[in-house]
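Read the structure below first, then the notes.
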Amino acid sequence: MDYIVKGSDILLNQADFNLDETLDCGQAFRWRIVDDYPEYFRTYTGFFGKKPLTVSQLEENGSRFLFHNTTEDDMINIWCDYFDLRTDYGEIKRRFSEDEFLSKACDYAGGIRILRQDTEECLISFIISQNNNIPRIKGILDRLCEHCGGFPTFGELADTTAGDLGYLRAGFRAKYLEDCINKVNSGALKLNEIKNMSTDDARQALMTVKGVGPKVADCVMLFGMYKIDSYPKDVWIKRVNEKHYPNGLPQCTKGIEGIAQQYLFHYIRQNGE
DNA sequence: TTCCAGGCGTATC
DNA sequence: GATACGCATGGA
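Here the first sequence is numbered in our numbering, starting from 133 and rising by one per residue.
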């Protein structure tokens, strides 16, 4: 990690990283563009758990990022992990370049990185995501955070019923959230143990929650447990598979299918075909 | 008005 | 195991 401390800020030099592409590509739903630093190309504010961060990308096509009001400790212990800064995405993209369509997807948005998000937030977010669109997912999560004073833990949601969640306007998903809250708080679903399971075993365990099927489970594993061999198949990726990979994914994605998935998902959603 | 959204539960075969 | 259908809500 290449950074220098500048007063209360930290200036990071990081290749293969773009804030728009990483924070607004449908893997996280709580980052917002702010206009407080017009001297920089783009600034977002958001959270890891309850830890806030404001971060700027200094130039549109540059590799300089300013982490505002951040300590070196938090940079090393939180944000370096959250933004997956120890992983060489340049090397991954070189691997993917042997596949023509994946190569196009990487060229289109080469600054995507997998966010290592909070497991609980990810589980709740992707239960809400089913048969839903991204703007509305964000709206529901906004209402949840506003109501709870930040993204709630399962402990804080103890004994919450679907009826209590009416203010979310989450529709039929409210009863799924209720089941998830109960299973986590009763110990029927042990997220810390699931993190250490194989991807297949973890998927089976997560799917014991009502409203968690293969797709939601794979998103929770990929974004909330960094199981990067999981490959969530939503409506968009199913189109990609049918058109470009009818006989399965190319060999170059082996073991890191989830990273390929993010490049493909973002590309197909923006460009179609 | 109708269709669709980072799907899944249920019924039926 | 495969397939068909309903589902809350809101934007296009």
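Glycine residues also receive a C-beta, built at the ideal position from the N, C-alpha and C atoms.
request  = Using the Cα positions of K365 and K347, report the straight-line distance between them to the nearest angstrom.
outcome  = 6 Å
task = Measure the alpha-carbon distance for V341 versus G194 and round it to whole angstroms.
result = 43 Å
message = Does R301 pass the burial test, meaning 16 or more other C-beta atoms within 10 Å, or should it be called exposed?
response = exposed
query = For T292, which three-state DSSP category applies?
reply = coil
ask   = What's the C-alpha gap between P284 and E230?
value = 43 Å
ask   = Does the stretch 354-368 come close enough to the stretch 195-205 to have 3 or more Cβ pairs within less than 8 Å?
value = no
message = So, under 8 Å CB-CB, K225 and G243 are touching, yes? Tell me the CB distance rounded to an integer number of Å.
response = 10 Å between Cβ atoms; not a contact.
message = To the nearest angstrom, how far is the alpha carbon of Y240 from that of L151?
response = 14 Å
Start-to-end residues for the beta strand (DSSP E) that takes in Q189 = 183-189
task = In the DSSP assignment, find the unbroken alpha helix (DSSP H) run with V137 in it and report its ends.
result = Element bounds for V137: not the alpha helix (DSSP H) but the beta strand (DSSP E), 134-138.
query = Can you tell me the Cα-Cα spacing of S257 and K138, whole angstroms?
reply = 35 Å
Given 8 Å, three or more beta-carbon pairs between the stretch 300-318 and the stretch 258-270 = yes
key: Residue from C277, K315, V316 with nearest C-alpha to L104   = As displayed, the chain neither begins before 133 nor continues past 405, which places residue 104 out of reach and without an answer.
query = Is the distance from the Cβ of G390 to the Cβ of S362 below 8 Å?
reply = yes
task = Note down the Cα distance separating N264 from C157, rounded to an integer number of angstroms.
result = 15 Å
message = If you reduce the DSSP assignment to three classes, tell me which class L255 lands in.
response = helix
message = Nearest by alpha-carbon distance to A160: which of F173, Q146, F215 is it?
response = F215
Own chain partners of Y358 with C-beta closer than 6 Å, once the 5 adjacent residues on each side are dropped = R248
ask   = Which term fits Y176, buried or exposed, when burial requires 16 or more other beta carbons within 10 angstroms of its beta carbon?
value = buried
query = Since A290 contacts N317 with CB under 8 Å, what's their CB separation in whole angstroms?
reply = 5 Å
task = Select from R401, I388, G404 the residue whose C-alpha is nearest the C-alpha of E223.
result = I388
task = Give the straight-line distance between the Cα atoms of I210 and L381, rounded to the nearest whole angstrom.
result = 33 Å
message = Taking its Cβ as the centre, do 16 or more other Cβ atoms sit within 10 Å of Y399, making it buried, or is it exposed?
response = buried
key: Length of the line joining the Cα atoms of H112 and R227   = Residue 112 lies beyond the range of the chain shown here (133 to 405); nothing can be said about it.
L396 versus E232 - alpha carbon distance = 12 Å
query = Going by the beta-carbon positions, is the gap between F180 and D250 smaller than 8 Å?
reply = yes
query = What residues match up with Y176 in a beta bridge as DSSP calls it?
reply = I165, V187
Residue range of the unbroken beta strand (DSSP E) whose run includes D141 = 141-145
message = In this structure, how does DSSP classify L406 when only helix, strand and coil are distinguished?
response = Past the boundaries of the shown model lies residue 406; the chain is included only from 133 to 405, so the question cannot be answered.
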